[in-house]
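Peer 1: According to our numbering, the sequence shown holds residues 1182 to 1426 in order.
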Amino acid sequence: MAIDVTEATFGQEVIERSRQVPVVVDFWAEWCGPCRTLTPALEAAERARGGKVVLAKVDVDSNPTLAARYRVQGIPAVKAFRDGKVVNEFVGAVPKVKVEELFDSLVPSRADELLAKGDELSLREAAELEPRRADIAVALARARLERGAEEEALEAVEPHEGDFAAEGIAARVRLAKRGAGGEAFASLDRGQREAALDALLDEIDDADEDTREDLRRTVIGILSEADPADPSAREYRKRLAAALY
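1) Three-state secondary structure (DSSP) at residue 1354?
2) List, from N- to C-terminal side, the beta strand (DSSP E) runs of 3 residues or more that fit wholly inside the region 1259-1290.
3) Within 10 Å of its beta-carbon, does residue 1325 have 16 or more other beta-carbons around it, so buried, or fewer, so exposed?
4) Taking Cβ positions, are residue 1357 and residue 1368 nearer each other than 7 Å?
5) Could you check whether the region 1194-1205 touches the region 1260-1272, counting it as contact only if at least three pairs of C-beta atoms, one from each stretch, sit closer than 8 Å?
6) Tell me the DSSP secondary structure of residue 1411 in three-state form.
7) State the Cα-Cα distance for the pair residue 1240 and residue 1224, rounded to the nearest angstrom.
8) Can you check which of these residues, 1382, 1365, 1401 and 1360, is closest to residue 1344 by C-alpha distance?
9) Quick check on the burial criterion: 16 or more other C-beta atoms within 10 angstroms. Buried or exposed for residue 1409?
10) Could you check which residue in 1327, 1334 and 1422 has the C-alpha nearest to that of residue 1315?
11) Is it the case that the Cβ atoms of residue 1399 and residue 1371 are separated by a distance below 7 Å?
12) Going by DSSP, what residues sit across from residue 1403 in a beta bridge?
13) My assumption, with CB atoms under 8 Å, is that residue 1403 sits in contact with residue 1349. Please give the rounded CB distance.
14) Do we get a CB-CB distance below 7 Å when we pair residue 1412 with the residues of chain D?
15) Entirely within the region 1323-1349 and at least 4 residues each: give me those alpha helix (DSSP H) ranges in chain order.
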């Protein structure tokens, strides 16, 4: 059931609470017909998520400062908060499907929960639920590589051409079949990223065309998961370009 929030309670009931659980705020007014139309859909979406999302209501007539702070220019205006910030929103009495989409964006899907578990059985189930998600496929492939199942790892990522991490794992498997990259992959599996990248780059000069391409894809795949601001990642990209061209 929605909680009524005022300017005095907004900080605690919405901002602070959203650091623990997402909060959806419905900015409304008593005279607003579309607001009354939207309310049942919001309340149903909240109930369906069993406490994983909190619904709050703000009467804009009684709380004009809040309405101005969040730039509410038309009602109903719905804003979703997580970690104290607005992360999603819409305006108007939108169809129920749009309400559900907003709530879904705040609550981890079953596939997300399985991905977070990280074991191979959970990852396989997650991949079955959302087969188009490359991040799940990559995690599953890594789990399979840990037990030496290279063909199964390749099977997981092959459908995700265009994803750098997925292509990197596929290239790794192809390199391993040619007997290339052994030292690098051993380092990578130990969590020694820079040692792995150094070893991969060292192999490029003497490699044939196909092997060079797979070395490139493998390096790019590793770097795709680094922080873009990481200076070492930028340096390795430069080194890769120099080795190739």
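Even glycine gets a Cβ: it sits at the ideal position worked out from N, Cα and C. Every value quoted in this text rests on a predicted model; they were computed, and no experiment measured them.
Peer 2: Let me spell this out:
1) As a first step, residue 1354 must be located in the sequence shown, where it is residue number 173. Helix.
2) 1266-1272
3) For the purposes of this step, residue 1325 is taken as the residue at position 144 of the sequence shown. Buried.
4) For the purposes of this step, residue 1357 is identified with residue 176 of the sequence shown, where counting begins at 1. For the purposes of this step, residue 1368 is identified with residue 187 of the sequence shown, where counting begins at 1. Not closer than 7 Å, so no.
5) yes
6) Within the sequence shown, residue 1411 is the residue found at index 230, counting from 1. Of the three classes helix, strand and coil, the one that applies to residue 1411 here is coil, per DSSP.
7) Taking the sequence shown and counting its residues from 1, the one referred to as residue 1240 is at position 59. Taking the sequence shown and counting its residues from 1, the one referred to as residue 1224 is at position 43. If you take the alpha carbons of residue 1240 and residue 1224, they lie about 16 Å apart.
8) Here residue 1344 corresponds to residue number 163 of the sequence shown, with the count starting at 1. Residue 1344 has its Cα closest to that of 1401, out of 1382, 1365, 1401 and 1360.
9) Here residue 1409 refers to the residue found at position 228 when the sequence shown is read from its first residue. Exposed, because fewer than 16 other Cβ atoms sit within 10 Å of the Cβ of residue 1409.
10) Along the sequence shown, read from residue 1 onward, the residue named residue 1315 stands at position 134. Residue 1334 is the option with its Cα nearest to residue 1315.
11) Counting from one through the sequence shown, the residue named residue 1399 turns up at place 218. Counting from one through the sequence shown, the residue named residue 1371 turns up at place 190. No, the pair does not count as a contact, with Cβ atoms beyond the cut-off.
12) For the purposes of this step, residue 1403 is taken as the residue at position 222 of the sequence shown. Beta-bridge pairing links residue 1403 to no other residue.
13) If you number the sequence shown from 1, residue 1403 lands on position 222. If you number the sequence shown from 1, residue 1349 lands on position 168. Going by Cβ atoms, the distance from residue 1403 to residue 1349 rounds to 6 Å, so yes, they are a contact pair.
14) You won't find chain D in this structure, because it holds only one protein chain.
15) 1331-1338
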